[in-house]
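If you read the sequence shown in the working numbering, its first letter stands for residue 119, the second for the next number, and so on.
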Amino acid sequence: MHRFIGISLVALISIRATMAQGDMPPSTPKRVVSMNLCTDQLAMMLASDDQLISVSYLSRDSFSSAMADEAQNYDINHARAEEIYLMKPDLVLAGAYSSQASVEMLRRLDVSVVVVPPAQSLQDVGAALITVGHALGQQYAAQTLLDSFESDLLALTQDAEAATPLRAAIYEANGWTVGNSSLAGQILMAAGLHNIAEDAGLSYGGVLPLELLVLEAPDLVVSSAPYPGHSRSEALLSHPVIETFKTKNAIARIHNGDWICGTPHVVRAITQIRDMRQHVESNR
């Protein structure tokens with residue numbers, strides 16, 4: 119089986135642990151609130167009509183959300199326990215980094231809360247789908263979406279396994295990079311690229327000095343699209359060194375919403391990076 123596809127034993131254990139982190143939801147909850155950007159999108163994909171009543175305000179941010187248009191169809195919340203409680207939910211979906219005060223308050227008020235951990239791999243995308251599908255009582259919909267995701271992923275990565283990987287760097291604000299022990303790193307691998315962060319010993323993440331980026335001379339630099347306006351943390355991404363990658367058409371700007379969260383939208387990020395890889399290969 120392809121190394122990126124299928125829910126591993128570790129992921130299955132993660133699913134059980136996730137469900138243990140929160141109260142077990144009703145078999146088919148009727149009033150579901152999501153208070154996290156990533157669970158927002160998973161819930162919007164899987165919930166039946168009228169089952170999902172509210173998503174977080176971040177889900178409407180077209181810069182960060184892959185489903186900003188769909189989010190317009192739902193009431194929003196700001197992850198505050200009091201506002202969510204007044205919505206009378208029978209299930210709340212939260213992320214591991216959601217407000218712990220809100221999560222604990224809701225649980226003390228006898229509201230069922232399921233916490234979904236962030237995805238660190240492509241296998242975790244499948245685990246999140248199954249977790250949220252189980253919580254919503256939408257197991258069939260989750261399995262159908264998972265099958266489609268795995269099929270798309272297999273089609274995208276078949277050529278990547280046969281290719282000699284080009285060298286690439288994920289380069290973000292303040293020079294932050296991540297290695298293969300991250301969702302972004304896994305996306306890079308799936309697109310057929312070798313991540314230079316691994317060579318620098320940054321399997322999880324860390325700062326990659328600009329000088330080291332120059333010395334490593336990757337074939338492709340991958341980063342998120344910059345936020346509107348001016349940010350000192352993002353100023354590094356406009357450095358003349360980075361501009362040289364632009365002039366060589368060797369930089370890929372990925373829409374944040376396509377790879378911030380572990381959802382099937384990561385397929386779009388893989389597709390964009392793979393296409394950029396093929397473009398660089400054709401011009402070598």
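Yeah, the Cβ is synthetic: ideal placement off N, Cα and C, and Gly gets one too.
Determine, using beta-carbon pairs with one atom in the stretch 332-349 and one in the stretch 267-275, whether at least three such pairs fall under 8 Å.
-> no
For residue 319, does the count of other Cβ atoms within 10 angstroms reach 16, so buried, or fall short, so exposed?
-> exposed
To which residues of the same chain is residue 238 closer than 7 Å at the C-beta, ignoring the five residues directly before and after it?
-> 299, 300 and 301
Report the residue ranges of all beta strand (DSSP E) runs contained in full by the stretch 228-307; include only those spanning at least 3 residues, in chain order.
-> 231-234 and 284-288
Where does residue 199 fall in DSSP's three states?
-> helix
Please state whether DSSP places residue 158 in a helix, a strand or coil.
-> helix
Tell me, please, which residues DSSP counts as bridged to residue 397.
-> Residue 397 is not bridged to any residue.
Would you mind working out which of 400, 197, 387 and 173 sits nearest residue 187, comparing C-alpha positions?
-> 173
Compare the Cα-Cα distances from residue 265 to each of 253, 214, 241 and 206 and report the closest residue.
-> 241
Give a yes or no on whether the C-beta atoms belonging to residue 189 and residue 216 are separated by under 9 Å.
-> no
Taking just the CA atoms, how far does residue 380 sit from residue 247?
-> 9 Å
From what residue to what residue does the alpha helix (DSSP H) around residue 378 run?
-> Note, residue 378: premise wrong, no alpha helix (DSSP H); not H, not E.
Does DSSP classify residue 168 as helix, strand or coil?
-> coil
At what residues does the alpha helix (DSSP H) containing residue 328 begin and finish?
-> 328-334
Does the stretch 217-230 come close enough to the stretch 353-366 that 3 or more CB-CB pairs lie under 8 Å?
-> no
How would you write the range of the alpha helix (DSSP H) that residue 224 sits in, first residue to last?
-> 218-226
Reduced DSSP secondary structure (H/G/I, E/B, other) of residue 386 | helix
Per-residue burial, residue 322 [other beta carbons within 10 Å of its own, 16 or more giving buried] | exposed
Cutoff 7 Å; reference residue 139; Cβ partners in own chain excluding five residues on either side | A caution first: residue 139 carries a pLDDT of 49, below 50, which makes its placement in the model too unreliable to give a value.
Beta strand (DSSP E) containing residue 212: first to last residue?
-> 209-213
Identify every residue that forms a DSSP beta bridge with residue 374.
-> The partner list for residue 374 (beta bridge, DSSP) is empty, contrary to what the question assumes.
When the Cα of residue 166 is compared with those of 253, 177 and 276, which residue comes out closest?
-> 253
Alpha carbon to alpha carbon, how far is residue 354 from residue 293?
-> 7 Å
Are the stretch 254-262 and the stretch 284-292 touching, with three or more C-beta to C-beta distances below 8 Å?
-> no
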